[in-house]
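K.L.:
Taken in order, these protein sequences are the chains called P and G. The numbering used here puts the last residue of the first sequence at 981; the count rises by one with no breaks. The numbering used here puts the last residue of the second sequence at 119; the count rises by one with no breaks. Each residue gets a CB set at the ideal place from its N, CA and C atoms; glycine is no exception.
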Amino acid sequence: MKPNDKERRFIRTKLLSMLCIRDTYEELYDHILTAVEAMPDEIPFRPAFHYVFEHELGGKRGMRALQLRSLKMAIRDAFKDYGLYFIHSLKSVYMLLIITTTAVFYYLVKSAYLTPNSVVWCDYLMIIPTILLVRKRNKSRNWKIPKTEYAMSYVKSYAASLMIPFPWLCWELISSVCQHLQTAGVIEWLPGYSLKTATNVAATNIATAFFFVTALNALTFYKLYEDFSKQIIAQA
Amino acid sequence: MNANPFLKGSLQTIILKLLEDNNEMYGYEITQKVKEMSGGDVLLTEGALYPALHKLEADGFLETFTQVVDNRVRKYYRLTEEGGKQVSSKLDEAQAFIEQLQTLLNLKPIVK
C-alpha cells in the first residue's frame with residue numbers, strides 16, 4: 746500500500762515525538778515507509794504501521810534504545826576523530842607558532858605583565874575561531890533542522906561541539922578546587938590562588954601549560970572542521 | 008532477529024557477506040534479503056540490524072551514502088576496502104566454528 750500525505754505526516758509526527766537525532770529519524774522513517782509500502786493494499790494503513798512499529802522496531806522503547814546507541818557511537822566517533830587530529834596537529838607546522846606564542850606568554854606571565862584576567866581572556870580568544878568555524882559550517886550546509894520538526898542537528902557535529910568548552914571547564918574546575926583548598930588552609934601554594942598574583946613559579950608554569958593545551962585544542966578543532974567541511978562539500 | 012544466539016553472533020558476518028554480494032543495500036533491503044534467503048526463518052529486527060550496521064560503519068568496514076527516493080532520504084551501506092578484506096576472514100571464522108560444532112555435537116552435514 747502507498748501511504749498518502751496525511752499518513753506520511755502521521756509517521757513523521759510519531760517519530761518526531763520520540764526521536765531527536767536526524768540520522769536515526771531519517772533512517773527509521775525510510776524503513777517504516779518502505780515496510781508499509783511493501784504490505785498488501787488490503788491492509789489498512791494504521792494496522793500496517795502498528796505492525797511495523799511494534800514488531801520490527803520494538804515500539805517506543807526499541808526506537809529510543811536505537812537512538813541512544815547511535816548517540817553513544819557518534820560521541821565515541823567524535824572523540825576518536827578528535828584524538829587523530831590532535832596527534833596530527835602535533836606534527837603540523839603551526840606547532841612552531843604555538844611554541845613561540847607559548848614562550849612569549851610564559852615570559853609575560855612570569856614578568857607579571859599579564860594579569861589573571863588577561864590569561865583567561867587569552868584562552869577565550871583561542872576558542873573563538875573554533876566557534877566561528879562551527880557556525881559557518883552549519884550555515885553553509887543547512888544541517889540545522891527547524892525546531893518545529895527536529896530537535897537536533899547532525900549528531901556528530903553536536904557531539905564534537907560538546908568538546909569545545911572542555912579546556913575552559915577544566916580550568917574552572919581546577920581553579921575552584923584549588924581556591925577552595927587554599928581557603929580551607931590545606932595547602933599554601935596551590936595554583937588557582939597563586940595565579941591571581943602571577944608570582945608563584947607553579948602558577949606560572951600551570952598557566953603556560955594551560956595556554957599551550959588550549960592553543961593546541963584550537964588548532965585541532967580548526968583542522969578537524971576544515972577537513973570535515975571539505976569532505977561534506979565533496980560529497981555534495 | 009529471532010532469538011537464536013548463534014545467529015546473533017553471526018549478524019555482522021551475514022551483513023558483510025550480503026553487501027559483498029549485492030554491492031550496496033539499505034536497511035530494509037537487508038532485512039528482506041535475509042528473510043527471503045532463509046525462507047522466512049530468520050527475521051531481522053531493526054533493533055538488531057541498525058546497531059550492527061552502525062558498529063560496522065564505526066569500525067571502518069562499511070561506508071554510507073544517501074539518496075533522495077520518493078521525497079525521503081535513503082541511507083545506503085557498502086563495503087569499504089577494509090570491509091572487503093574482512094569478509095573472507097569472517098567467513099573463515101564462521102566456517103571453522105561450524106566445523107567445530109559438527110565435531111563436538113556429532114552433527115551430520117545436511118544434504119539437500
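Answer yes or no: do S834 (chain P) and T769 (chain P) have a C-beta to C-beta separation smaller than 9 Å?
P.N.:
For S834 (chain P) and T769 (chain P), no; Cβs fall outside 9 Å.
K.L.:
Comparing the C-beta of V76 (chain G) with each C-beta of chain P, is any distance below 9 Å?
P.N.:
So, interface residue.
K.L.:
Residues in its own chain within less than 7 Å of I21 (chain G) by CB, not counting five upstream and five downstream?
P.N.:
Contacts found: V41.
K.L.:
To the nearest angstrom, how far is the alpha carbon of F72 (chain G) from that of F104 (chain G)?
P.N.:
Answer to the nearest angstrom: the Cα atoms are 33 Å apart.
K.L.:
How about G67 (chain G) and G90 (chain G): do their beta carbons lie closer than 9 Å?
P.N.:
Yes. Within cutoff.
K.L.:
DSSP beta-bridge partners for R79 (chain G)?
P.N.:
BP columns for R79 (chain G) point to G:V76.
K.L.:
Using a C-beta cutoff of 9 Å, does V80 (chain G) count as contacting chain P?
P.N.:
Output row for V80 (chain G): interface = yes.
K.L.:
Can you give me the C-alpha to C-alpha distance between Q93 (chain G) and A55 (chain G), rounded to a whole angstrom?
P.N.:
Going from the Cα of Q93 (chain G) to the Cα of A55 (chain G) covers about 20 Å.
K.L.:
Within 10 angstroms of the Cβ of Q109 (chain G), are there 16 or more other Cβ atoms? Answer buried if so, exposed if not.
P.N.:
With fewer than 16 Cβ atoms within 10 Å of its Cβ, Q109 (chain G) is classed as exposed.
K.L.:
Start and end of the alpha helix (DSSP H) containing M44 (chain G)?
P.N.:
That run of the alpha helix (DSSP H) goes 34-44.
K.L.:
Would you mind stating whether T959 (chain P) and Y851 (chain P) have Cβ atoms separated by less than 9 Å?
P.N.:
No, the Cβ-Cβ distance between T959 (chain P) and Y851 (chain P) is not below 9 Å.
K.L.:
Looking at the C-beta of Y895 (chain P), does it have a partner C-beta in chain G at a distance below 9 Å?
P.N.:
Caution applies to Y895 (chain P), whose pLDDT of 38 falls short of 50 and renders its modelled position unreliable; the model cannot decide the point.
K.L.:
For V76 (chain G), which of P:M763, P:Y774, P:K968 has the nearest alpha-carbon?
P.N.:
The residue with the shortest Cα to Cα distance from V76 (chain G) is P:Y774.
K.L.:
Is there a C-beta anywhere in chain G that falls below 9 Å from the one on E752 (chain P)?
P.N.:
Not one chain G Cβ lies under 9 Å of E752 (chain P).
K.L.:
For a cutoff of 9 Å on Cβ pairs, would you count K40 (chain G) as touching chain P?
P.N.:
No, K40 (chain G) lies away from the interface with chain P (no Cβ there is under 9 Å from its Cβ).
K.L.:
When you check each C-beta in the stretch 54-68 of chain G against every C-beta of chain P, which residues fall closer than 8 Å?
P.N.:
If the cut-off is 8 Å between Cβ atoms, the stretch 54-68 of chain G has G54, Y57, P58, H61, K62, A65 near chain P.
K.L.:
Answer with buried or exposed for L764 (chain P), where buried requires no fewer than 16 other C-beta atoms within 10 angstroms of its C-beta.
P.N.:
Per the 10 Å Cβ criterion, buried.
K.L.:
Beta-carbon separation of R85 (chain G) and L14 (chain G) under 9 Å?
P.N.:
No; because the gap between Cβ atoms is not below 9 Å, this pair is not in contact.
K.L.:
With DSSP collapsed to three states, give me the class of T71 (chain G).
P.N.:
Three-state result, T71 (chain G): strand.
K.L.:
Is there contact between the stretch 952-969 of chain P and the stretch 824-833 of chain P, where contact requires at least three CB pairs shorter than 8 Å?
P.N.:
The stretch 952-969 of chain P, when compared against the stretch 824-833 of chain P, does touch it at the 8 Å Cβ threshold.
K.L.:
Taking E88 (chain G) as the reference, which of G:K97, G:M44, G:E70 has the closest Cα?
P.N.:
Answer by Cα proximity: G:E70.
K.L.:
Check whether chain G comes within 9 Å of S837 (chain P), counting only Cβ atoms and requiring the distance to be less than that.
P.N.:
Output row for S837 (chain P): interface = no.
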